[in-house]
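*Asks:* This is the structure, below, for whatever I ask next.
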Amino acid sequence: IRDRMIQLQALNLKEVKINRYDGGMQNEAQLWVNASPEDEIPNSAFNSKTSLLRLVLKKKKKKIGENAFFGCNNLVGSLVIPEGVLHIGSYAFMSCSSLSGIISLPSTLIHIGNNAFDNCKFNSELNLPNNLKYIGNAAFNWNSSLYGTLNLPSSLEYIGSHAFAGCKNLTGSLEIPEKITEIKEY
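Counting in our numbering, the sequence shown runs from 14 upward without gaps.
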């Protein structure tokens, strides 16, 4: 889809089973393999798909892979990560600079990778889920339109450097969870 459907503008993954193509197999019958579990969006699945404007994610996904939507800079509107997602990989939505609506994270989320939402333009409150344990380096870097009080969940164990750098509209008192043993720069 990423490489051959060059004009693809809308993608509804709500009821899609994702298989990964392995062009290295010799037998044509073996070219399509279920190499990535059905409940995850593979790494780099739609990386730099600049024609993509709209996205609906499948419910019951557990993981959004690294670079899955990296550089989809024409993807517009809000981003609703469905319930059930546990892991958002590094660079998953980095440079999706036209995402300017709300960002909604599921209560099931435990891991946000490095630069996952770096340089997005969400215009909403940032509500971190209560089960979140890990926020990677620059995870929300340069999301200057995020606003409201930043409430870090008590389950949080790690906050990477630059995690909220440039998020100038996050306000209020900040309570650092007990499990955080080191605070990185910026």
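Where a beta carbon is used, it is the ideal one built from N, C-alpha and C, also for glycine.
(1) Measure the C-alpha to C-alpha separation of residue 174 and residue 111 and round it to an integer number of angstroms.
(2) Could you spell out the range, first to last residue, of the beta strand (DSSP E) harbouring residue 67?
(3) Find out if the Cβ-Cβ distance for the pair residue 159, residue 141 is shorter than 8 Å.
(4) Please go through the same chain and pick out, in chain order, the residues whose beta-carbon is closer than 8 Å to the beta-carbon of residue 79, but skip the five residues on each side of it.
(5) Which residues does DSSP list as the beta-bridge partners of residue 76?
(6) Using DSSP's beta-bridge definition, name the partner residues of residue 117.
(7) Can you give me the C-alpha to C-alpha distance between residue 171 and residue 191, rounded to a whole angstrom?
(8) So, at 6 Å on beta carbons, what are the nonlocal neighbours of residue 155 in its own chain, with the 5 sequence-adjacent residues on each side left out?
(9) Does the distance from the C-beta atom of residue 94 to that of residue 119 stay below 8 Å?
(10) In whole angstroms, what separates the C-alpha of residue 134 from that of residue 69?
(11) Any idea if residue 60 is buried or exposed, counting beta-carbon neighbours within 10 angstroms, 16 or more meaning buried?
(12) If you run the structure through DSSP and keep just helix, strand and coil, what is residue 175?
(13) To the nearest angstrom, report how far apart residue 195 and residue 115 are at their CA atoms.
(14) Can you tell which of 54, 186 and 153 has its C-alpha closest to the C-alpha of residue 76?
(15) Verify whether the separation of the beta carbon atoms of residue 177 and residue 183 is less than 8 Å.
(16) Apart from the five residues just before and just after residue 128, which ones in its own chain have a Cβ nearer than 8 Å to its Cβ?
(17) Hey, could you find the ends of the beta strand (DSSP E) residue 23 is sitting in?
*Replies:* In terms of the structure at hand:
(1) 24 Å
(2) 67 to 69
(3) no
(4) 56, 57, 102, 103, 104, 105 and 126
(5) 53 and 100
(6) 93
(7) 11 Å
(8) 132 and 179
(9) yes
(10) 18 Å
(11) buried
(12) coil
(13) 30 Å
(14) 54
(15) yes
(16) 103, 104, 107, 149, 150, 151, 152 and 154
(17) 23 to 25
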